[in-house]
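J.: Structure below; questions to follow.
Numbering (the numbering used here), first residue to last: -19 to 216.
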């Protein structure tokens, strides 16, 4: 199996979402992982509309989704493209995903604000449907407390998502290679590996929201304290 191409993009954490990634604590009990099904959603927005969408999202679309059983794992500003908003949404399984999305997009919160949200977007169909590569490789949450909506808490840390594209479904051999070779090297450089996933090939249970089908990906997430730490990491 050959890697066709690798895409790496930087995402600066939005203050609201930064608590979605647990800091590792060696003295704590092993954290629970979230979630068996994850959407990586990348939206292309009209120029100047990203903060408009972030404010609306924080205020109206986080608690309303989580009340229906979904998990808003994280929200991000893409550092490369100022008109891209990235977020992660988790589910217990594919059937509950279908029900939760039906309840949300057919419910009052989305109906009340969908026109304002859609007005910020050029495209919202760039979505990868994923599941953890191993039983323990999902995101782990520690003390998950969010700042209040609208808080302008300054943060310097980065989340880096690396996407590998393959010409066939990712096999156990590559996952083992990643865990044996890549992951220790990254952690040794001082950058924790937060989670890693492969494509979920189940049929899209909510076709009203398209996902990218026919692709085979391995996606992993790393945290850096600041842009300087990231540049130091990638320096030859």
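Glycine is no exception: its CB is placed at the ideal position from the N, C-alpha and C atoms.
Can you check which of these residues, 203, 212, 101, 74, is closest to residue 27 by C-alpha distance?
T.: Nearest option by C-alpha distance: 101.
J.: Does the stretch 84 to 98 come close enough to the stretch 192 to 212 that 3 or more CB-CB pairs lie under 8 Å?
T.: No contact exists between the stretch 192 to 212 and the stretch 84 to 98.
J.: For the beta strand (DSSP E) that contains residue 236, what are its first and last residues?
T.: Nothing can be reported for residue 236, as the shown portion of the chain is limited to -19 through 216.
J.: With residue 106 as the anchor, note down where its beta strand (DSSP E) starts and where it stops.
T.: Segment 101 to 112, the beta strand (DSSP E) holding residue 106.
J.: Assuming residue 93 contacts residue 36 (C-beta within less than 8 Å), just tell me the rounded distance between them.
T.: Sure, about 6 Å apart at Cβ, within 8 Å.
J.: Any idea if residue 147 is buried or exposed, counting beta-carbon neighbours within 10 angstroms, 16 or more meaning buried?
T.: By the neighbour-count rule (16 or more Cβ atoms within 10 Å), residue 147 is not buried but exposed.
J.: Can you list, in chain order, the residues of its chain whose CB lies under 8 Å from that of residue 25, leaving out five sequence neighbours each side?
T.: Here the set comprises 33, 63, 64, 65, 100, 101, 102.
J.: Output the distance between the C-alpha atoms of residue 108 and residue 205, rounded to the nearest integer angstrom.
T.: Cα to Cα, residue 108 sits roughly 26 Å from residue 205.
J.: Smallest Cα separation from residue 202: which of 139, 40, 169, 52?
T.: Residue 202 has its Cα closest to that of 139, out of 139, 40, 169, 52.
J.: Measuring CB to CB, does residue 156 end up less than 8 Å from residue 111?
T.: Cβ atoms of residue 156 and residue 111: not closer than 8 Å.
J.: If we ignore side chains and look at the alpha-carbon of each, how far apart do residue 81 and residue 186 end up?
T.: Cα to Cα, the separation comes out at about 7 Å.
J.: I'd like the span of the alpha helix (DSSP H) that includes residue 54, first residue to last.
T.: Here residue 54 belongs to no alpha helix (DSSP H); instead the beta strand (DSSP E) covers 51 to 58.
J.: How is the beta strand (DSSP E) around residue 205 delimited, first residue to last?
T.: Neither: residue 205 is in no beta strand (DSSP E) and is coded neither H nor E.
J.: Enumerate in chain order the residues of its own chain whose CB-to-CB distance from residue 70 is below 6 Å, with the five nearest sequence positions on each side excluded.
T.: Answer for residue 70: 14, 15, 18, 51, 53, listed in chain order.
J.: Taking C-alpha atoms, which residue in 55, 31, 184, 75 lies nearest to residue 49?
T.: Comparing Cα-Cα distances from residue 49 to each of 55, 31, 184, 75, the minimum goes to 75.
J.: Going by DSSP, what residues sit across from residue 65 in a beta bridge?
T.: Its beta-bridge partners are 23, 57.
J.: For residue 48, report the span of its beta strand (DSSP E) as first-last.
T.: Looking at the DSSP string, residue 48 is not in any beta strand (DSSP E), and its letter there is neither H nor E.
J.: Please classify residue 117 as buried or exposed, where buried requires at least 16 neighbouring CB atoms within 10 angstroms.
T.: Flag for residue 117 reads buried.
J.: Suppose contacts are defined by Cβ-Cβ distances below 8 Å. Is residue 39 in contact with residue 57 by that definition?
T.: It is not a contact, given that the beta carbons lie outside the stated cut-off.
J.: According to DSSP, is residue 197 helix, strand or coil?
T.: In the structure shown, residue 197 sits in a strand (DSSP, three-state: E or B).
J.: So, is residue 188 buried or exposed, given that buried needs 16 or more other C-beta atoms within 10 angstroms?
T.: Exposed, by the Cβ-count rule.
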